[in-house]
């Protein structure tokens, strides 16, 4: 099969994801690529990830909204189910490990889950600690996993101080220097991020992911 | 003018003698204030109860017997409300499914399973985490739908007597009279969960169309008696949606147009035919991308206009003129800081919007837990000086 033909199929896959053409259509294209013996790695990198990147970009531009992000996530999940049997090894180029959780006192998880899903499909290993995570657990898990990035979510203004508590604990444990810290959630502002001393404050999941990618590229 | 006449005037873009001021309080905040110096003799019973009128999926704590609104001299959204129950009937049996030192997992009266942090102070404020929702697919929706029957006699109070209620709504003067119900996005997201509902918008359009159609029928027929009886005595519709986050609407404008707009129009048309045209949507988050569609839908008012999410009442006023009445938009984070930060926030909006009309000042959401009593008193004292014309 010619390079142009391969590139054409991969572009079709990418476009079908970014245009949210529907799970059956995207699956059909991935099946076609597999039948054409295109390497799974290439399908993931040049088809799936590019498609998802474009979804993120449209979200940032205000063309897509949460409904589109979530559906793109659903498409990606179903595609990984199709590709799994063909994967001889972990084909995703692991960009790094992100430790993720909603801070103590806050039970919200939607934004965190969307960020986690997108990070996973973009090649990060994601360790999701869930909601209402205390500072001790964040620190212990940061040490245990050797995570590159710690992502904390807080939707409530009343739980914003927890971010500082976690940062202090990381310092006390001597791991603050080896882990980047990013925060997100409705209550978070760039100003708060600067005041409290995190490495970045993201206003949405897509921005957060871009920052994490940049950090790992710079590493 | 009476408090009701004042707020009605503003909702209709007329000038009152004194600008009304409106807040909503988390019960936990008020409880905190008792610890911070509110007269202890005012403390009362705290009960867990179904959201007012059965409109919420959650069981909120309610502080009984203390009226923060009259105490501080502001309006609220809970004055004279049409007592129609739009919750599922029969209710699900509420029960504790699991309990440990920190969490309580319960089945709510609306059939969801919610895990929440124990303790009276933060359980409402931090919101529970829902681990299961009652509607998952067509089959579970068909089951649930049976509980959304407008003909159920329990939807109206036993003492529902049209003449008495006409009198009550005619004579009430402490604030606006209201009718509250949930919107087409809000109800679907409550029954299915935000993520499953949003995915179903793409994966199962027929189910969503059916849910929206039934909701329109159900709400219209349930409220019909009250609306046709009370008509313009209902000053304002409080239409709960909560359909946006910081970035924008949770549902794209294209999907809103497809799934919600026709039903909105039908419902607002029904209300207008009964002389009710002050129709306010309650949605947190950034709703700017969807405001044109709200207008087309027949919505005429907005609350709370969260500053943190980029909402700006002055900008909306410039763009839309008097097409919307606006409530809120004072940055609760700045107000809670007190002093200069609070005054700066109030001064940046209240005088100019007061002048233009159609604006009721207040925080851009419920008064949060970190707002101390001392700072709230400082804020309310400052605010009250600005209210007279």
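Chains as they are written, first to last, in this note's numbering: chain A, 14 to 232; chain B, 5 to 393. Glycine is no exception: its CB is placed at the ideal position from the N, C-alpha and C atoms.
>> Going by the DSSP bridge assignment, what does residue 186(B) pair with across the sheet?
In response: As a first step, residue 186(B) is located in the second chain; it is residue number 182 there, counting from the start. 244(B), per the DSSP bridge assignment.
>> Quick check: residue 236(B) and residue 279(B), are their CB atoms within less than 8 Å of each other?
In response: Position 232 of the second chain, counted from the start, is the residue given in the question as residue 236(B). Position 275 of the second chain, counted from the start, is the residue given in the question as residue 279(B). In contact: residue 236(B) and residue 279(B) (Cβ atoms closer than 8 Å).
> Between the stretch 172-181 of chain A and the stretch 144-151 of chain A, are three or more C-beta pairs nearer than 8 Å?
Replying inline: Put simply, the stretch 172-181 of chain A touches the stretch 144-151 of chain A. At least three CB pairs are less than 8 Å apart.
> Counting contacts by CB-CB distance shorter than 8 Å, is residue 164(A) in contact with chain B?
Replying inline: What you label residue 164(A) is simply residue 151 of the first chain in a count that begins at 1. It does not; no Cβ of chain B falls within 8 Å.
> So, using beta-carbon positions, are residue 221(A) and residue 195(A) closer together than 8 Å?
Replying inline: Counted from its first residue, the first chain places residue 221(A) at position 208. Counted from its first residue, the first chain places residue 195(A) at position 182. Contact flag set, yes.
> What residue does the beta strand (DSSP E) around residue 141(A) start on, and which one ends it?
Replying inline: Here residue 141(A) is taken as the residue at index 128 of the first chain, counted from 1. Note, residue 141(A): beta strand (DSSP E), 137-141.
> Mind checking whether residue 311(B) and residue 246(B) have CB atoms under 8 Å apart?
Replying inline: The count along the second chain starts at 1 and reaches residue 311(B) at position 307. The count along the second chain starts at 1 and reaches residue 246(B) at position 242. No, the Cβ-Cβ distance between residue 311(B) and residue 246(B) is not below 8 Å.
>> Do residue 39(A) and residue 92(A) have their beta-carbon atoms positioned less than 8 Å apart in this structure?
In response: Locating residue 92(A) in the first chain gives position 79, counting from the first residue. Locating residue 39(A) in the first chain gives position 26, counting from the first residue. Yes, these two residues count as a Cβ contact at 8 Å.
>> Excluding the 5 residues flanking residue 274(B) on each side, which residues of the same chain have their C-beta closer than 6 Å to its C-beta?
In response: Within the second chain, residue 274(B) is the residue found at index 270, counting from 1. So the qualifying residues of the chain are 224.
> Which residues share a DSSP beta bridge with residue 79(B)?
Replying inline: On the second chain, position 75 is the one that residue 79(B) refers to. DSSP output for residue 79(B) lists 26(B) as bridge partner(s).
>> Buried or exposed, going by whether 16 or more other CB atoms sit within 10 Å of the CB of residue 6(B)?
In response: As a position in the second chain, residue 6(B) is number 2, starting the count at 1. With fewer than 16 Cβ atoms within 10 Å of its Cβ, residue 6(B) is classed as exposed.
>> According to DSSP, is residue 202(B) part of a helix, a strand, or is it coil?
In response: Here residue 202(B) corresponds to residue number 198 of the second chain, with the count starting at 1. The answer is helix: DSSP assigns residue 202(B) an H, G or I state.
>> Distance cutoff 8 Å, beta carbons only. Does residue 224(A) sit that close to anything in chain B?
In response: As a working mapping, residue 224(A) is identified with position 211 in the first chain. Taking 8 Å as the threshold, the shortest C-beta distance from residue 224(A) to chain B does not fall below it.
> Should residue 53(B) be labelled buried (16 or more other beta-carbon atoms within 10 Å of its own) or exposed?
Replying inline: The residue you call residue 53(B) lines up with position 49 of the second chain. With a pLDDT of 47 at residue 53(B), under the threshold of 50, the predicted position of this residue should be treated as unreliable, though the coordinate-derived value follows. Exposed, since its Cβ has fewer than 16 Cβ neighbours within 10 Å.
> Going along chain B, which residues have a C-beta under 7 Å from residue 217(A)?
Replying inline: In the first chain, residue 217(A) corresponds to position 204, counting from 1. Residues of chain B with a Cβ closer than 7 Å to the Cβ of residue 217(A) are, in chain order, 250 and 251.
>> What residue range does the beta strand (DSSP E) around residue 134(B) cover?
In response: Mapped onto the second chain, residue 134(B) falls at position 130. It spans 133-136 - the beta strand (DSSP E) in which residue 134(B) sits, taken as one unbroken run.
> Name the chain A residues whose beta carbon is nearer than 7 Å to that of residue 142(B)?
Replying inline: Locating residue 142(B) in the second chain gives position 138, where the first residue counts as 1. Result: empty, since nearest Cβ-Cβ is about 18 Å, beyond 7 Å.
>> Check whether chain B comes within 8 Å of residue 29(A), counting only Cβ atoms and requiring the distance to be less than that.
In response: Residue 29(A) sits at position 16 when you count from the first residue of the first chain. Not an interface residue.
> Taking just the CA atoms, how far does residue 63(A) sit from residue 210(B)?
Replying inline: Along the second chain, read from residue 1 onward, the residue named residue 210(B) stands at position 206. Along the first chain, read from residue 1 onward, the residue named residue 63(A) stands at position 50. The alpha-carbon atoms of residue 210(B) and residue 63(A) are separated by roughly 30 Å.
>> Bridge partners for residue 111(A) per DSSP, in chain order?
In response: Indexing the first chain from 1 puts residue 111(A) at position 98. According to DSSP, which records beta bridges pairwise, residue 111(A) is partnered with 139(A) and 162(A).
>> With a threshold of 7 Å on Cβ separation, who are the neighbours of residue 61(B) within its own chain once the five nearest residues in sequence on each side are excluded?
In response: On the second chain, residue 61(B) is found 57 positions in, with the first residue counted as 1. The predicted model places residue 61(B) with a pLDDT of 47, which falls under 50 and marks its position as unreliable; any figure quoted below should be read in that light. 112, 114, 116 and 194.
> Does the beta-carbon of residue 132(A) have 16 or more other beta-carbons within 10 angstroms, so that it is buried, or is it exposed?
Replying inline: Counted from its first residue, the first chain places residue 132(A) at position 119. It is buried - the Cβ of residue 132(A) has at least 16 other Cβ atoms within 10 Å.
> Straight-line CA distance for residue 81(B) to residue 181(B)?
Replying inline: Numbered from its first residue, the second chain carries residue 81(B) at position 77. Numbered from its first residue, the second chain carries residue 181(B) at position 177. Going from the Cα of residue 81(B) to the Cα of residue 181(B) covers about 9 Å.
> Can residue 354(B) be considered in contact with the ligand ZN, in the sense that its beta carbon sits closer than 7 Å to one or more heavy atoms?
Replying inline: The model depicted lacks the ligand ZN and carries no ligand whatsoever.
>> Comparing C-alpha positions only, which one of 160(A), 81(A), 168(A) and 173(A) sits nearest to residue 199(B)?
In response: The count along the second chain starts at 1 and reaches residue 199(B) at position 195. Out of 160(A), 81(A), 168(A) and 173(A), 81(A) has the C-alpha closest to the C-alpha of residue 199(B).
>> Can you list, in chain order, the residues of its chain with a C-beta nearer than 6 Å to that of residue 313(B)? Leave out the 5 residues immediately preceding and following it.
In response: As a working mapping, residue 313(B) is identified with position 309 in the second chain. For residue 313(B), where only same-chain residues beyond five positions count, the Cβ hits under 6 Å are 250, 289 and 290.
> Mind checking residue 117(A): buried by the 16 CB within 10 Å criterion, or exposed?
Replying inline: The residue labelled residue 117(A) in the question sits at position 104 within the first chain. Result: buried.
>> Give me the subset of the stretch 285-303 of chain B whose CB atoms are less than 7 Å from a CB atom of chain A, sorted by chain position.
In response: 293
>> In whole angstroms, give me the CA-to-CA distance for residue 105(B) and residue 219(A).
In response: Counting from 1 along the second chain, the entry for residue 105(B) is found at position 101. Counting from 1 along the first chain, the entry for residue 219(A) is found at position 206. Near 36 Å, if we compare the C-alpha coordinates of residue 219(A) and residue 105(B).
>> For residue 139(A), count the other beta carbons within 10 Å of its own beta carbon; 16 or more makes it buried, fewer makes it exposed. Which is it?
In response: Start at 1 with the first residue of the first chain, and residue 139(A) comes out as number 126. Buried.
> So is residue 385(B) buried or exposed if we call it buried at 16+ other beta carbons inside 10 Å?
Replying inline: For the purposes of this step, residue 385(B) is identified with residue 381 of the second chain, where counting begins at 1. Exposed is the call here.
> Closest by CA to residue 304(B), which one among 338(B), 269(B), 336(B) and 335(B)?
Replying inline: Translated into positions along the second chain, residue 304(B) becomes position 300. Checking every option, the nearest Cα to that of residue 304(B) belongs to 269(B).
> Using the beta-carbon of each residue, which ones in chain A are nearer than 8 Å to residue 374(B)?
Replying inline: Sequence index remark: in the second chain, residue 374(B) carries index 370 (1-based). By Cβ distance, chain A contributes 170 and 171.
> Is the CB-CB distance between residue 31(A) and residue 67(A) below 8 Å?
Replying inline: As a position in the first chain, residue 31(A) is number 18, starting the count at 1. As a position in the first chain, residue 67(A) is number 54, starting the count at 1. In this structure, residue 31(A) sits near residue 67(A), with a CB-CB distance shorter than 8 Å.
> If you check the beta carbons only, do residue 79(B) and residue 37(B) fall under 8 Å apart?
Replying inline: Position 75 of the second chain holds residue 79(B). Position 33 of the second chain holds residue 37(B). No, they are not a contact pair.
> First and last residue of the alpha helix (DSSP H) that includes residue 229(B)?
Replying inline: Here the question's residue 229(B) lines up with position 225 in the second chain. 209-234 is the extent of the alpha helix (DSSP H) around residue 229(B).
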